[in-house]
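Below: one structure, written as structure tokens.
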């Protein structure tokens with residue numbers, strides 16, 4: 111990957127006035143088209159040379175901010191009680207999966223600049239915790255939407271997800287709390303902002319995949335994601351098997367989480383994780399629902 115030069119970036123969004131005009135012209139009445147346009151802007155901003163690291167990251171985040179209302183609307187439509195037609199369902203899925211995949215890789219390119227200690231990254235250090243959180247969340251959303259089609263997740267994507275979290279740990283930023291999106295409430299659901307940390311985003315993505323979503327109906331996938339987001343602060347992670355940790359992964363490998371059926375090889379990238387105290391709380395919640403319909 112080339113280092114960013116000092117030349118002015120050859121990109122329409124490099125001009126703040128033009129960027130404001132283009133974002134203001136997104137088709138508000140067609141969220142799928144708007145999200146598709148933002149996906150392409152994310153891709154081009156991440157790839158073009160000339161942006162300073164901090165300016166590139168801020169622009170990517172502005173595009174991502176603009177995408178959130180559209181992503182929420184499409185997600186709501188996808189899970190609506192009255193199922194959309196097959197054509198509309200495919201259109202919604204393509205827009206959501208395509209956007210989150212591109213957002214994840216666009217953000218990951220900026221994380222890579224920190225890994226390489228590229229020119230200008232010192233000026234962007236304050237943005238790194240939020241960059242890590244948004245990168246991990248974007249990949250987790252990509253995984254979710256792939257599971258909605260019961261399709262295999264590209265191992266390359268898991269490799270990036272694991273590497274980004276490993277970098278967060280290496281920089282001692284795994285528990286750095288940030289507000290994920292501006293103007294958000296306290297909720298931690300994937301579509302909302304709230305506050306989060308790289309570790310929470312890693313655990314939410316890993317636990318969701320480990321919860322066997324391939325065997326769930328779409329509405330069950332949505333419920334599982336919401337429950338995982340709610341209970342994530344009680345999840346546990348460590349570098350060796352322990353009580354409450356029933357899954358594992360290797361941050362140095364391009365692999366999805368696996369069940370801890372036998373002790374894995376003790377390597378630096380080994381991370382064991384699980385529901386921890388949340389396991390009992392989930393059982394209590396299930397009992398209350400069964401008994402009282404609460």
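Numbering (my numbering), first residue to last: 111 to 404. C-beta: ideal position from N, C-alpha, C; glycine also.
Is residue i helix, strand or coil when you go by DSSP?
i	result
residue 368	strand
residue 377	coil
residue 357	strand
residue 348	strand
residue 197	helix
residue 134	helix
residue 161	coil
residue 185	helix
residue 125	coil
So, is residue i buried or exposed, given that buried needs 16 or more other C-beta atoms within 10 angstroms?
i	result
residue 146	buried
residue 380	buried
residue 174	buried
residue 375	exposed
residue 321	buried
residue 220	buried
residue 130	exposed
residue 163	buried
residue 211	buried
residue 134	exposed
residue 150	exposed
residue 377	exposed
residue 311	buried
residue 293	exposed
residue 233	exposed
residue 249	buried
residue 190	exposed
residue 138	exposed
I'd like the list of long-range same chain contacts for residue i, defined as Cβ closer than 7 Å, with 5 residues on each side in sequence excluded.
i	result
residue 266	364
residue 356	369, 370, 384
residue 351	370, 373, 382
residue 241	167, 217, 220, 221
residue 258	203, 328, 331
residue 118	124, 160
residue 326	334
residue 209	145, 148, 149, 177, 181
residue 346	354, 355, 383, 384, 386
residue 268	364, 365, 366
CB-CB under 6 Å to residue i, same chain, minus the five flanking residues each way: which ones, in chain order?
i	result
residue 296	Summary for residue 296: the model assigns pLDDT 42, below 50, so the residue's position carries little reliability; its value from the coordinates is reported in the next sentence. Only 304 meet the Cβ criterion.
residue 222	none
residue 121	158
residue 338	314, 317, 318
residue 367	316, 319, 320, 357, 359
residue 270	218
residue 285	307, 309
Residues in the same chain with beta-carbon distance under 8 Å from residue i, minus the five sequence neighbours each way, listed in chain order, please.
i	result
residue 306	243, 247, 287, 288, 290, 298
residue 301	Unreliable placement is indicated for residue 301, whose pLDDT of 44 sits below 50; no coordinate value is reported for it.
residue 260	324
residue 283	238, 239, 242, 308
residue 199	188, 193
How many whole angstroms separate the CB atoms of residue i and residue j, which I take to be in contact at a CB cut-off of 8 Å?
i	j	result
residue 278	residue 344	Not really, about 20 Å apart at Cβ, beyond 8 Å.
residue 361	residue 272	5 Å
residue 155	residue 132	In fact, because the Cβ distance is near 12 Å, the residues do not count as touching under 8 Å.
residue 205	residue 276	No, residue 205 and residue 276 are not in contact; Cβ-Cβ is about 31 Å, not under 8 Å.
Does chain D have any CB closer than 9 Å to the CB of residue i?
i	result
residue 180	Chain labels in this structure do not include chain D; a single protein chain is all it has.
* To do: May I have a chain-ordered list of the alpha helix (DSSP H) segments no shorter than 4 residues that lie completely inside the segment 253–335?
  => Entirely contained in the segment 253–335, the alpha helix (DSSP H) runs reaching 4 residues are, in chain order, 265–280, 308–320.
* At which residue ranges does the segment 199–264 contain complete alpha helix (DSSP H) runs of 4 or more residues, listed in the order of the chain? -> Listed in chain order, the complete alpha helix (DSSP H) runs (minimum 4 residues) inside the segment 199–264 are 238–258.
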